[in-house]
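One structure below.
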Amino acid sequence: MDGEVRNADTGADQLEVTVVGDEGSPRLDRVLATRCPDLSRSRLKALILAGQVRIGTAPVRDPAYHVGTGDTIIIDLPEPAPAEPQGERIALDIVHEDDDIIVIDKPAGLVVHPAAGHATGTLVNALIAHCGTSLSGIGGVRRPGIVHRLDKDTSGLLVAAKNDRAHQSLTAQFADHGRTGALERGYLAFAWGVPSRPHGTVDAPIDRHPHAREKMAVREGGREAVTHWEVRETFNGADGRPVASLLECRLETGRTHQIRVHLAHIGHPLLGDAVYGPHFKTKANQLGLESQAALSALARQALHAYLLVFEHPSSGEIMHWEAALPQNLLTLKLKLQAAL
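Start counting the sequence shown at 1436; every next residue gets the next number (my numbering).
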């Protein structure tokens, strides 16, 4: 989105989009869909029809209205109605819990917070049932205690805050990305191929994919994204030649799908990643039969958040946790090591 401000009178957020010359004279709804990727087309259409989209001071209620070069489009975003997720008794693998924080070893398949298509059965639903009303809220949408996320199909360590003070401390630490503080996040990634160097850094901006809204992509003008990687182990295929590797990745930023996008960008997408590595699917034929079976049974990207380090919000103690590979990733690793 081009710019975000706050309406001093209403307290509502506003977005400002200025139409540039290479956009010609296109429809209002198409310009906004391109320039405001965080808002769905249906949400944008509803805002237009409700008179929440203006050019100058005049509301424009026609999605097909043709905008002109230099027009400034202002979108008023009403405060979202608070979501009210209900507590659900969902089993959690709790690594640590005290009055301020709870650290979870999240299984693959568990969505972190309610969203379109996942109104129930999320980590938030589980946390509400487990922690009760002490959880910290975030903004106008209730996502209690959540300060960072893991993709649905990524397993591993995740911390949630149990009160506002803890939430503020953790949010600041995650925003700093460990540049000046103790925060560390480490991931184990099974990737196709073997990098030509033992370690390296991907420094490439990430933004919404221009055509597929569910994907992210390396794009000029996107948000800064930095991933450091190191080869831990290499695996041979059935023919005895290297076919895959185990990488340790450390994040210096926290963009959506960052590791998945960056590794695909350098030609080493994750095993099992159907979104960012579909063209590598046939590489499974180079694996031994048992390795192929283990990868097929995994049915997700082979990524695990194994390391989490941060400063405790109350005591200031440096807290350090490591989570072992879940059984399906451990099985994949053992089969790859045996080249079976």
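C-beta: ideal position from N, C-alpha, C; glycine also.
- Query: For VAL1710, does the three-state DSSP call read helix, strand or coil?
  - Reply: In the structure shown, VAL1710 sits in coil (DSSP, three-state: anything other than H, G, I, E or B).
- Under the three-state DSSP convention, the category LYS1541 falls into: Three-state result, LYS1541: strand.
- Of the choices ASP1638, ASP1534, PRO1498 and GLU1746, whose alpha-carbon is the least far from that of VAL1696? Considering only alpha carbons, the answer is ASP1638.
- Can you tell me which of the three DSSP states HIS1781 falls into? Examination of residue 1781 is not possible in this model, given that the chain is present from 1436 through 1775 alone.
- Query: With DSSP run on the structure shown, which of helix, strand or coil describes ALA1728?
  - Reply: Helix, per DSSP.
- Between LEU1527 and ALA1493, which are expected to be in contact by the criterion C-beta below 8 angstroms, what is the C-beta distance as a whole number of angstroms? With a beta-carbon spacing of about 52 angstroms, LEU1527 and ALA1493 fall beyond the 8 angstroms limit used to define contacts.
- Item | Extent of the continuous alpha helix (DSSP H) run through GLN1608 | It spans 1599-1611 - the alpha helix (DSSP H) in which GLN1608 sits, taken as one unbroken run.
- Mind pulling the beta strand (DSSP E) runs of 3 or more residues that sit fully within the region 1602-1680? For the beta strand (DSSP E) assignment, the uninterrupted runs of no fewer than 3 residues enclosed by the region 1602-1680 are, from N- to C-terminal side, 1619-1627, 1634-1638, 1641-1643, 1651-1653 and 1661-1671.
- So is GLY1591 buried or exposed if we call it buried at 16+ other beta carbons inside 10 Å? When all chains shown are included, GLY1591 counts as buried.
- Roughly how far, in whole angstroms, is the beta-carbon of PRO1461 from the beta-carbon of VAL1495, given that I think they are within contact range, below 8 angstroms? About 13 angstroms separates the beta carbon of PRO1461 from that of VAL1495, a gap too long to meet the 8 angstroms contact definition.
- Query: By DSSP, does LEU1765 sit in helix, in strand, or in coil?
  - Reply: Helix.
- Item | Nonlocal neighbours in the same chain, by C-beta distance under 8 angstroms from VAL1661, ignoring five residues either side | Cβ neighbours of VAL1661 beyond the five flanking positions: THR1636, VAL1637, ASP1638, LEU1686, GLU1687 and THR1688.
- Message: Is the beta carbon of PRO1520 closer than 8 angstroms to that of VAL1546?
- Response: No, the Cβ-Cβ distance between VAL1546 and PRO1520 is not below 8 angstroms.
- Task: Would you mind working out which of SER1680, LYS1480 and PHE1609 sits nearest SER1631, comparing C-alpha positions?
- Result: It is SER1680.
- Query: Relative to the C-alpha of LEU1450, which residue among ALA1485, ARG1489, ARG1465 and LEU1484 is closest?
  - Reply: The candidate whose alpha carbon is nearest that of LEU1450 is ARG1489.
- Query: In the structure shown, what three-state DSSP assignment does THR1717 receive?
  - Reply: Helix, per DSSP.
- Message: Count Cβ pairs between the region 1691-1706 and the region 1654-1671 that sit closer than 8 angstroms; are there 3 or more?
- Response: Flag = yes, the region 1691-1706 and the region 1654-1671 touch.
- Query: DSSP three-state call for ASP1448: helix, strand or coil?
  - Reply: Reduced to three states, the DSSP call for ASP1448 is strand.
- Task: Mind checking who ASP1511 pairs with in its DSSP beta bridge?
- Result: Looking at the DSSP output, ASP1511 bridges to GLN1449.
- Could you tell me if ASN1763 is buried or exposed, where buried requires 16 or more neighbouring beta carbons within 10 angstroms of its beta carbon? Buried is the call here.
- Limits of the beta strand (DSSP E) - the one that SER1590 falls within: Note, SER1590: beta strand (DSSP E), 1590-1596.
- Query: Can you tell me the Cα-Cα spacing of ASN1598 and ALA1774, whole angstroms?
  - Reply: If you take the alpha carbons of ASN1598 and ALA1774, they lie about 48 angstroms apart.
- Message: On the criterion of 16 or more Cβ atoms from any shown chain inside 10 Å, does ILE1539 qualify as buried, or is it exposed?
- Response: Burial call: buried.
- Same chain only: Cβ atoms within 6 angstroms of ALA1758, ignoring 5 sequence neighbours per side: Counting only Cβ-Cβ distances below 6 angstroms, and skipping sequence neighbours, we find ASP1540, GLY1591, LEU1592 and TYR1741.
- Segment contact, 8 angstroms Cβ cut-off, at least three pairs: the region 1734-1752 with the region 1609-1625: With a cut-off of 8 angstroms, the region 1609-1625 and the region 1734-1752 count as touching, because enough Cβ pairs lie within range.
- Message: If I measure Cβ to Cβ from LYS1770 and keep anything under 6 angstroms in the same chain, skipping five residues before and after, which residues do I get?
- Response: So the qualifying residues of the chain are GLU1725, SER1726 and ALA1729.
- Per DSSP, what kind of secondary structure is HIS1565 in: helix, strand or coil? Annotated three-state conformation of HIS1565 is helix, per DSSP.
- Task: Would you identify the three-state DSSP class for ILE1694, choosing helix, strand or coil?
- Result: DSSP, reduced to helix, strand and coil, places ILE1694 within a helical segment of the structure shown.
- Query: Roughly how many whole angstroms lie between the Cα atoms of ILE1510 and ALA1485?
  - Reply: Note on geometry: alpha-carbon atoms of ILE1510 and ALA1485 lie some 11 angstroms from one another.
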